[in-house]
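Throughout the sequence shown, residue numbering follows the numbering used here, covering 1 to 128 in sequence.
By construction, the Cβ of each residue, glycine as well, lies at the ideal position given by its N, Cα and C atoms.
To start, the structure under review is shown below, and the notes come after it.
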Amino acid sequence: IPNKGIVSTIEHFDVHGLKDFLMNHDKENNGILQRFVDGKGTNNAMFRAIWSPNVFHVERRTNVSNLSDRKVNMHQRVVTFEGDEHFSESLTVTDTLLGAQMQRICESIVDHCRFHLAAQGDNASVSR
C-alpha cells in the first residue's frame, strides 16, 4: 500500500550549501544523507537495476552536462534518474559481465532482506 502524503525531496549541496543546510534550516529527522563520489568520466552517471525472480534489467543514465561546467547549476549537472529526462541520456546495459555482477548484487540484497525478515518472524517473501 503506497504511503499517501509522503513527499520525497532530493537536494544537491556543495560544501557551503551542506553546511548551511545542517546549521540553518529546519529538518525532519527522517532522511538519507549521501556523499557524492566522482566517477571515472566527466559527466555524472548512475546505474539502475530492476530485479524480480523472473526479470532482470540494467539501465545507465548519463547526465548531458559536464560536472565541471559552472555555467550550469549543480542540480542540472548531477541529476540522472531523479531529474527531468532532458538532463540525461539513457542506455540499456548489454555488457554481460557487468550485468552478471549487478544481478549478484541484487540477489545479495534480496538474501539480506529475507534474512532480516525471517529474524523478525516475518514469513513474507521478496518478490520484486
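Item checked: Pairwise C-alpha distance: Asn29 and Asp14 -> To locate residue 14, count along the sequence shown from 1; it is residue 14. To locate residue 29, count along the sequence shown from 1; it is residue 29. So the two alpha carbons sit approximately 21 Å from each other.
Next item on the list: Would you give the residue range spanned by the alpha helix (DSSP H) that Leu33 belongs to?
Entry: For the purposes of this step, residue 33 is taken as the residue at position 33 of the sequence shown. Counting along the chain, Leu33 falls outside any alpha helix (DSSP H), and DSSP gives it neither H nor E.
Next item on the list: Compute the distance between the beta-carbons of Thr62 and Glu89, then report whether it is under 7 Å.
Entry: Reading the sequence shown from its first residue, position 62 is the one you call residue 62. Reading the sequence shown from its first residue, position 89 is the one you call residue 89. Result yes, Cβ atoms of Thr62 and Glu89 sit closer than 7 Å.
Checklist line | Rounded C-alpha distance that separates Gly17 from Thr9 | finding: Here the question's residue 17 lines up with position 17 in the sequence shown. Here the question's residue 9 lines up with position 9 in the sequence shown. Answer to the nearest angstrom: the Cα atoms are 16 Å apart.
Next item on the list: Using 10 angstroms around the beta-carbon of Asn73, count the other beta-carbons present and answer buried if the total reaches 16, otherwise exposed.
Entry: Counting from 1 along the sequence shown, the entry for residue 73 is found at position 73. Answer is exposed; the Cβ neighbour count stays below 16.
Note to self: In the DSSP assignment, the alpha helix (DSSP H) including Asn24 goes from what residue to what residue?
What the structure shows: Your numbering for residue 24 matches position 24 in the sequence shown. Unbroken alpha helix (DSSP H) run through Asn24: 15 to 24.
Notebook entry, point to check: Which word fits Thr92, buried or exposed, when buried means at least 16 other C-beta atoms lie within 10 angstroms of its C-beta?
Noted result: Within the sequence shown, numbered from 1, the residue matching residue 92 stands at position 92. Its Cβ having fewer than 16 others within 10 Å, Thr92 is exposed.
Check: What is the DSSP secondary structure of Leu67, counted as helix, strand or coil?
Finding: One-based indexing of the sequence shown puts residue 67 at position 67. Three-state DSSP puts Leu67 in coil, outside helix and strand.
Note to self: If you follow the alpha helix (DSSP H) that Ala49 is in, where does it begin and where does it stop?
What the structure shows: Translated into the one-based positions of the sequence shown, residue 49 becomes position 49. It is not in any alpha helix (DSSP H) - Ala49 instead sits in the beta strand (DSSP E) that spans 45 to 51.
Margin query: Check for me: the beta strand (DSSP E) holding Thr92 runs from which residue to which?
Written below: As a position in the sequence shown, residue 92 is number 92, starting the count at 1. Start and end: 88 to 92.
Note to self: Given a cut-off of 7 Å on the beta-carbon distance, is the pair Phe56 and Gln101 in contact?
What the structure shows: If you number the sequence shown from 1, residue 56 lands on position 56. If you number the sequence shown from 1, residue 101 lands on position 101. For Phe56 and Gln101, no; Cβs fall outside 7 Å.
Check: Quick one: what's got a C-beta closer than 6 Å to Cys211's C-beta in the same chain, skipping five residues either side?
Finding: Look at the range of the chain in this structure, 1 to 128, and you will see that residue 211 is not part of it.
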